[in-house]
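Enquirer: I have a structure here, written as structure tokens, and I will follow up with some questions on it.
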Amino acid sequence: MAENHSAWRKYIIGELSWKRLIRSVIIIYLIFLCIGLFAPNFFIFPVKPSRYELPRPHHSLIKSTNGDDICIYYRAPASDDQPVILWSHGNAEDLSFMPDLLVDYQLRGFGVASYDYPGYGQSTGAPTEESCFAAIEAAYQFLTKEQNISADRIVIIGRSVGGGPSSWLASQHECRGLILISSFTSAFKVATRWPIFPGDKFRNDVHLKSVSCPLLLIHGTDDKTIASWHSGKLFSQYQHAKSLLLIDGANHDDLFLQAGIQLVNQICAFSENPAEYCAKQKSPSEVAAKVD
1 MAENHSAWRK YIIGELSWKR LIRSVIIIYL IFLCIGLFAP NFFIFPVKPS
51 RYELPRPHHS LIKSTNGDDI CIYYRAPASD DQPVILWSHG NAEDLSFMPD
101 LLVDYQLRGF GVASYDYPGY GQSTGAPTEE SCFAAIEAAY QFLTKEQNIS
151 ADRIVIIGRS VGGGPSSWLA SQHECRGLIL ISSFTSAFKV ATRWPIFPGD
201 KFRNDVHLKS VSCPLLLIHG TDDKTIASWH SGKLFSQYQH AKSLLLIDGA
251 NHDDLFLQAG IQLVNQICAF SENPAEYCAK QKSPSEVAAK VD
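Mapping of the sequence shown onto full-length UniProt numbering: position 89 corresponds to residue 89, and the numbering continues sequentially without gaps.
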């Protein structure tokens with residue numbers, strides 16, 4: 001019986017050898033290569049059914065240059081000198097989350113805006129790197145042209161995958177400041193630090209080379225989805241005013257639960273005066289590992 005089991009195992013698995021091991025590694029690499037080349041959006045954007053319907057207060061549809069209808073949520077600032085936040089959410093969210101998430105900033109007089117990526121919520125189209133760039137561009141044009149918000153009042157904020165469109169927008173337009181929350185150096189490097197797959201998406205590390213506004217990076221030290229070294233790497237590479245805020249013990253999805261209103265306070269302080277905020281925190285060693 002044992003001999004028969006061994007024979008079947010040898011037939012199915014084969015003899016263990018260096019040749020077989022190398023062949024297996026090559027096959028695995030080719031599988032991931034095909035995914036990276038032909039189906040990256042399936043993994044980057046796990047689209048779910050919309051959690052809300054239109055009409056909805058403070059929501060409207062705007063048109064992107066790709067021809068997609070983009071749903072945007074907007075609340076005007078309390079006065080003409082207040083900052084306006086443009087928030088790009090994570091890939092597991094849609095605008096149904098945003099009114100509650102942004103209410104603390106709105107209560108402080110900030111203007112707040114967020115939008116859904118193509119294929120998310122009530123936005124049409126399909127989410128790709130290009131279509132997401134077109135969507136955030138449409139949101140920016142909505143603020144600057146339709147709402148007459150000057151560029152120096154707009155604080156661009158991206159959480160998780162939302163950091164990709166946000167860093168790209170900051171590389172294309174002037175803004176008051178840029179905040180990346182739990183984001184990455186690039187999408188493919190979430191899986192591996194080594195650039196072994198072509199066609200990488202959402203290259204925050206590349207976009208930031210064309211950005212000069214103050215930058216705030218926020219990350220949980222126990223993030224199991226996107227490790228905190230991503231923000232550390234972006235911080236070390238950025239050549240302009242910058243600050244790195246690490247939230248002790250926070251994971252990817254509980255960052256705001258762990259830090260609470262203190263994190264909102266930090267974001268507001270940066271948004272009110274980005275350059276002054278960064279001047280007080282010049283290096284990672286000077287940034288507390290926990291929001292006090």
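By construction, the Cβ of each residue, glycine as well, lies at the ideal position given by its N, Cα and C atoms.
For Asp94, count neighbouring Cβ atoms within 10 angstroms of its own Cβ and tell me buried if that reaches 16, exposed if not.
Expert: Numbered from its first residue, the sequence shown carries residue 94 at position 94. When all chains shown are included, Asp94 counts as buried.
Enquirer: Quickly, what does DSSP pair Val84 with across the bridge? List them, please.
Expert: For the purposes of this step, residue 84 is identified with residue 84 of the sequence shown, where counting begins at 1. Bridge partners of Val84: Gly111 and Ile154.
Enquirer: Which residues in the same chain as Glu53 place their Cβ atom closer than 8 Å to its Cβ, once the five residues preceding and following it in sequence are excluded?
Expert: Locating residue 53 in the sequence shown gives position 53, counting from the first residue. Once the five neighbours on either side are set aside, the close Cβ partners of Glu53 are Gln122.
Enquirer: Helix, strand or coil, according to DSSP, for Ser60 in the structure here?
Expert: Against the sequence shown, residue 60 aligns to sequence position 60. Strand, per DSSP.
Enquirer: Of all the options Cys213, Val103, Ala126 and Gly177, which has the alpha carbon lying nearest to the alpha carbon of Asp69?
Expert: Residue numbering aside, residue 69 sits at position 69 when the sequence shown is read from its first letter. That would be Ala126, whose Cα lies nearest to the Cα of Asp69.
Enquirer: Bridge partners of Leu217, per DSSP?
Expert: Here residue 217 is taken as the residue at index 217 of the sequence shown, counted from 1. Leu180 and Leu244, per the DSSP bridge assignment.
Enquirer: Three or more beta-carbon pairs under 8 Å between the region 218-232 and the region 271-282, yes or no?
Expert: Output reads no: the region 271-282 does not touch the region 218-232.
Enquirer: Looking only at its chain, what residues have a beta carbon closer than 7 Å to the beta carbon of Phe142, apart from the 5 residues adjacent to it on each side?
Expert: On the sequence shown, position 142 is the one that residue 142 refers to. Excluding positions up to five away in sequence, the list reads Ile62 and Ile72.
Enquirer: Excluding five sequence neighbours on each side, which residues of the same chain lie with their C-beta closer than 7 Å to the C-beta of Glu272?
Expert: Your numbering for residue 272 matches position 272 in the sequence shown. The answer, listed in chain order, is Pro83.
Enquirer: How would you label Ser79, buried or exposed, when you count the other beta carbons within 10 angstroms and need 16 or more for buried?
Expert: As a first step, residue 79 is located in the sequence shown; it is residue number 79 there, counting from the start. When all chains shown are included, Ser79 counts as exposed.
Enquirer: Starting from Cys278, trace the alpha helix (DSSP H) in both directions and tell me its first and last residue.
Expert: For the purposes of this step, residue 278 is taken as residue 278 along the sequence shown, with counting starting at 1. Here the alpha helix (DSSP H) through Cys278 covers Pro274 to Lys280.
Enquirer: Could you tell me if Phe38 is buried or exposed, where buried requires 16 or more neighbouring beta carbons within 10 angstroms of its beta carbon?
Expert: Residue numbering aside, residue 38 sits at position 38 when the sequence shown is read from its first letter. Residue placement at Phe38 is flagged as unreliable, the pLDDT there being 49, under the threshold of 50; a coordinate-derived value is accordingly withheld.
Enquirer: Whole angstroms is fine: what's the gap from Gly164's alpha carbon to Arg153's?
Expert: Here residue 164 refers to the residue found at position 164 when the sequence shown is read from its first residue. Here residue 153 refers to the residue found at position 153 when the sequence shown is read from its first residue. Between Gly164 and Arg153, the C-alpha separation is close to 21 Å.
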